[in-house]
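K.L.:
Chains as they are written, first to last, in the numbering used here: chain W, 114 to 622; chain B, 11 to 152. Please read through the structure below; I'll follow up with questions.
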């Protein structure tokens, strides 16, 4: 595809480039860096929770800041930019265009992220990643809260610019001989997720401004003392961020659609059902936001409506799972690292979806809500599904980016350690939630079940840490010293399936 | 996009939809029963604030951090908050309701076993959220 590192260029040539593969490389490097920064915070949280009483984190304020920045960082600075990295590399190639539709806008969207990240990391706010008022309005200390608000504001604009770019590239710049229905499913995933971004993000952008003016004391949108309603913020927030879950998961599914048929050496079972499921998911993603709010005192009718809206998302997700399994069925699967990550991701996607059905069944929601169950549930999505798909795809892109192969054995060790770690941490969290442990607590009473399950989690977290360290070393070492990849067929799958590496970067020639 | 038939997928989707319809119908029915407050329920006003719970019984007695109730009597909690959002939770009785300033949310329960049960806050509310705990004492009599 690009051979970025095989033919070294001065770093500023990459930094000031507007070519889609250069921006894809910048997105990749930045998102992986933030993955490890956020991962370090996660490890700190799990080790702190190893036993009741403070372990090594000094006070609850520090702990609260850590889980806030961990969540914000992982969603906005790892998962979203990594999806943009993949989109930047592959969308123009898949629609057979020379670049993104608006290359400068693309570069601007990328370069908005580092200052936003600096605001979030230097501010180190403490109100959890959804900044629920009135806490975020009357209790959260300045200037951390303002820095977080402005950071998220900038990231929102960046997302919108990126989404416009993907939509225009796919709809207006695709090759005239290529009908939209023949665009590969990875391209379709970016079309659907970008459309969701355009509809969803402005709501949160408005809520952020309202929160800011509320904090400044000039308005009272969410301030009950001034006649406002904090639940209004929840509605605005989740109207953006429930669809945002799909913005994250849809590209990850698209990545699996790229990997699974290639490594099964078999065409995809049904391209049209994949497209249909993407479209369906983008629509129903807007019908379920208030399932996060059943316990805020919603009426029976409201809860029923949002339960039905949530359940409606399940058949579309199930279609994807079916499509994957039917593609693998009878194929000659080759379990290289990308394939292992994809298959693991599908298994955890299924578990996460099953847990989601439990959450939305109204009486059961009151058992799982705001407990550790919920933490386990969404981590099965964001880590078990989306990050698994992303790791697999990073291995898959690796030879195309660097011209070298990663170490396959260590890629598999990475997978095994992280799968075991993820199961130990996130499945245990589900059970711990059923035992009643609330989320976002710095300390807990010494109930024997709670202690045991937190210790299992700490062990799992350490396994995750070891696995991810292997990943990092593998990436760095192999990009410099790995064996040269056979660019015609780096994974040895036979030449029948094309790799989208033919696009040339004009700066290289 | 090959010409093969897609019927297994439609059968599978049909099964999934049927399962979901069953889950949804059961959930709807149970929630309808669970939300029906018995008419003889005694009202307890629950107020959350950073970082403790206050309980006001129907007879005017006020308790802080502790709640004494009688076995076999249904109670209706009227939950609200003085500052930020909290969530009133008795995990052993599956009682969970957000305490939202400016709103009164209701939830009810029927204590059936004597003993001590933890009360906690399930919505992040700041510095001492982790220790915004209390104890429910279910006593005999009545």
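Ideal placement from N, C-alpha and C gives every residue a C-beta, glycine not left out.
When the Cα atoms are used, what is the spatial distance from residue 545/W to residue 539/W?
P.N.:
Numbered from its first residue, the first chain carries residue 545/W at position 432. Numbered from its first residue, the first chain carries residue 539/W at position 426. Roughly 10 Å between the two C-alpha positions.
K.L.:
Please confirm whether residue 482/W has its beta-carbon closer than 8 Å to some beta-carbon of chain B.
P.N.:
Here residue 482/W is taken as the residue at index 369 of the first chain, counted from 1. Taking Cβ atoms only, chain B reaches closer than 8 Å to residue 482/W, which makes this a yes.
K.L.:
Identify whether residue 169/W lies in helix, strand or coil by the three-state DSSP scheme.
P.N.:
Taking the first residue of the first chain as 1, we reach residue 169/W at position 56. Residue 169/W falls in the coil class under three-state DSSP.
K.L.:
Below 8 Å on the Cβ atoms is my guess for residue 401/W versus residue 433/W; work out the distance and round it to an integer in Å.
P.N.:
Translated into positions along the first chain, residue 401/W becomes position 288. Translated into positions along the first chain, residue 433/W becomes position 320. 17 Å between Cβ atoms; not a contact.
K.L.:
Go to residue 36/B, then tell me how far its alpha helix (DSSP H) extends in each direction, as first and last residue.
P.N.:
Sequence index remark: in the second chain, residue 36/B carries index 26 (1-based). Where residue 36/B is concerned, the enclosing alpha helix (DSSP H) stretches over 17-44.
K.L.:
Distance, Cα to Cα, residue 182/W vs residue 241/W?
P.N.:
On the first chain, residue 182/W is found 69 positions in, with the first residue counted as 1. On the first chain, residue 241/W is found 128 positions in, with the first residue counted as 1. Distance between the alpha carbons of residue 182/W and residue 241/W is about 8 Å.
K.L.:
If we ignore side chains and look at the alpha-carbon of each, how far apart do residue 317/W and residue 349/W end up?
P.N.:
Taking the first residue of the first chain as 1, we reach residue 317/W at position 204. Taking the first residue of the first chain as 1, we reach residue 349/W at position 236. Residue 317/W and residue 349/W: Cα-Cα distance of roughly 6 Å.
K.L.:
Could you check how far apart the C-beta atoms of residue 227/W and residue 95/B are, in whole angstroms? I think they sit under 8 Å.
P.N.:
Taking the first residue of the first chain as 1, we reach residue 227/W at position 114. Taking the first residue of the second chain as 1, we reach residue 95/B at position 85. That belief does not hold up - the Cβ atoms of residue 227/W and residue 95/B are roughly 33 Å apart, past 8 Å.
K.L.:
Where residue 220/W and residue 267/W are concerned, what is the direct C-alpha to C-alpha distance, given to the nearest angstrom?
P.N.:
As a working note, residue 220/W is residue 107 in the first chain. As a working note, residue 267/W is residue 154 in the first chain. Looking at the two C-alpha atoms, the distance is approximately 14 Å.
K.L.:
From residue 214/W to residue 403/W, what distance separates their C-alpha atoms?
P.N.:
If you number the first chain from 1, residue 214/W lands on position 101. If you number the first chain from 1, residue 403/W lands on position 290. One C-alpha to the other measures close to 36 Å.
K.L.:
So is residue 622/W buried or exposed if we call it buried at 16+ other beta carbons inside 10 Å?
P.N.:
Within the first chain, the letter at position 509 stands for residue 622/W. Residue placement at residue 622/W cannot be trusted, given a pLDDT of 36 that sits under 50; what the coordinates show is reported in the next sentence. Classification of residue 622/W: exposed, given that the 10 Å Cβ count is below 16.
K.L.:
To the nearest angstrom, how far is the alpha carbon of residue 250/W from that of residue 353/W?
P.N.:
Position 137 of the first chain holds residue 250/W. Position 240 of the first chain holds residue 353/W. Roughly 20 Å separates the two Cα atoms.
K.L.:
Where does residue 401/W sit, in a helix, a strand or coil, going by DSSP?
P.N.:
Taking the first chain and counting its residues from 1, one reaches residue 401/W at position 288. Three-state DSSP puts residue 401/W in coil, outside helix and strand.
K.L.:
Please return the same chain residues whose Cβ sits closer than 6 Å to the Cβ of residue 615/W, not counting the five positions on each side in sequence.
P.N.:
Taking the first residue of the first chain as position 1, residue 615/W is located at position 502. Note that residue 615/W scores a pLDDT of 46, beneath 50, so its modelled location is shaky; the value from the coordinates is reported in the next line. Here the set comprises nothing.
K.L.:
Counting only beta-carbon atoms, is residue 551/W nearer than 8 Å to chain B?
P.N.:
As a position in the first chain, residue 551/W is number 438, starting the count at 1. Output row for residue 551/W: interface = yes.
K.L.:
Can you pull the chain W residues whose beta carbon is under 7 Å from the beta carbon of residue 77/B, in chain order?
P.N.:
Counting from one through the second chain, the residue named residue 77/B turns up at place 67. None at all; the shortest Cβ gap to chain W is about 16 Å.
K.L.:
Nearest-angstrom Cα distance between residue 595/W and residue 519/W?
P.N.:
Within the first chain, residue 595/W is the residue found at index 482, counting from 1. Within the first chain, residue 519/W is the residue found at index 406, counting from 1. Rounded to whole angstroms, residue 595/W to residue 519/W spans 6 Å at the Cα level.
K.L.:
Using 10 angstroms around the beta-carbon of residue 110/B, count the other beta-carbons present and answer buried if the total reaches 16, otherwise exposed.
P.N.:
Taking the first residue of the second chain as position 1, residue 110/B is located at position 100. The residue is buried, with at least 16 neighbouring Cβ atoms inside 10 Å.
K.L.:
Could you give the C-beta distance for residue 450/W and residue 505/W, rounded to a whole number, given that I count them as a contact under 8 Å?
P.N.:
Position 337 of the first chain, counted from the start, is the residue given in the question as residue 450/W. Position 392 of the first chain, counted from the start, is the residue given in the question as residue 505/W. Right, their Cβ atoms sit about 7 Å apart.
K.L.:
How about residue 460/W: is its C-beta nearer than 8 Å to some C-beta of chain B?
P.N.:
Along the first chain, read from residue 1 onward, the residue named residue 460/W stands at position 347. No, its Cβ sits nowhere closer than 8 Å to a Cβ of chain B.
K.L.:
Just to check my reading of the structure: residue 473/W and residue 420/W have Cβ atoms closer than 8 Å, yes? What is that Cβ distance to the nearest angstrom?
P.N.:
As a first step, residue 473/W is located in the first chain; it is residue number 360 there, counting from the start. As a first step, residue 420/W is located in the first chain; it is residue number 307 there, counting from the start. So it is a contact: roughly 5 Å between Cβ atoms.
K.L.:
Cutting at 6 Å between CB atoms, please list the residues of its own chain near residue 416/W, excluding the five before and the five after it.
P.N.:
As a working mapping, residue 416/W is identified with position 303 in the first chain. Closer than 6 Å at Cβ, skipping near neighbours: 407, 475.
K.L.:
If we define contact as Cβ-Cβ less than 8 Å, is residue 169/W a contact residue for chain B?
P.N.:
Here residue 169/W refers to the residue found at position 56 of the first chain. Output row for residue 169/W: interface = no.
K.L.:
Where does residue 115/B fall in DSSP's three states?
P.N.:
Counting from one through the second chain, the residue named residue 115/B turns up at place 105. It is a strand residue.
K.L.:
Output the residue ranges of the alpha helix (DSSP H) runs that lie fully inside the stretch 139-215 of chain W and measure 4 residues or longer, sorted by chain position.
P.N.:
173-185, 193-207, all fully within the stretch 139-215 of chain W.
K.L.:
Skipping 5 residues on each side, what residues in its chain have a beta carbon closer than 7 Å to that of residue 333/W?
P.N.:
Position 220 of the first chain, counted from the start, is the residue given in the question as residue 333/W. Hits under 7 Å: 327, 339, 340, 341.
K.L.:
Does DSSP classify residue 472/W as helix, strand or coil?
P.N.:
One-based indexing of the first chain puts residue 472/W at position 359. Residue 472/W: helix per DSSP, three-state reduction.
K.L.:
Can you pull the chain W neighbours of residue 47/B, defined as C-beta to C-beta under 7 Å?
P.N.:
Numbered from 1 along the second chain, position 37 holds the residue referred to as residue 47/B. Neighbours of residue 47/B on chain W: none; closest Cβ ~12 Å, over 7 Å.
K.L.:
Since I believe residue 537/W is in contact with residue 573/W (beta carbons under 8 Å), could you give me their beta-carbon distance rounded to a whole number of angstroms?
P.N.:
The residue given as residue 573/W occupies position 460 in the first chain. The residue given as residue 537/W occupies position 424 in the first chain. Rounded, the Cβ-Cβ distance is 3 Å, consistent with contact.
K.L.:
Quick one: what does DSSP say residue 108/B is sitting in, helix, strand or coil?
P.N.:
Looking up residue 108/B in the second chain gives position 98. Residue 108/B falls in the strand class under three-state DSSP.
K.L.:
In three-state terms, what does DSSP make of residue 391/W?
P.N.:
Locating residue 391/W in the first chain gives position 278, where the first residue counts as 1. Helix.
K.L.:
What residue from 89/B, 30/B, 51/B, 37/B has the CA that sits closest to residue 59/B's CA?
P.N.:
The sequence position of residue 59/B within the second chain is 49, counting from 1. Checked all of 89/B, 30/B, 51/B, 37/B; the closest Cα to residue 59/B is 89/B.
K.L.:
Could you name each continuous alpha helix (DSSP H) segment of 4 residues or more that falls completely within the stretch 499-548 of chain W, going from the start of the chain to the end?
P.N.:
Counting only runs of 4 or more, we get 501-515, 521-535, 541-547.
K.L.:
Using CA atoms only, rank isn't needed, just tell me which of 345/W, 603/W, 468/W is closest to residue 112/B.
P.N.:
Against the second chain, residue 112/B aligns to sequence position 102. Per the Cα distances, 345/W.
K.L.:
Report the neighbours of residue 428/W on chain B: residues whose CB is nearer than 8 Å to its CB, in chain order.
P.N.:
Mapped onto the first chain, residue 428/W falls at position 315. The contacting residues are 23, 26, 27, 30.
K.L.:
Beta-carbon within less than 6 Å of residue 430/W's beta-carbon, same chain only, minus the 5 sequence neighbours each way: which residues are those?
P.N.:
For the purposes of this step, residue 430/W is taken as the residue at position 317 of the first chain. Answer for residue 430/W: 466, listed in chain order.
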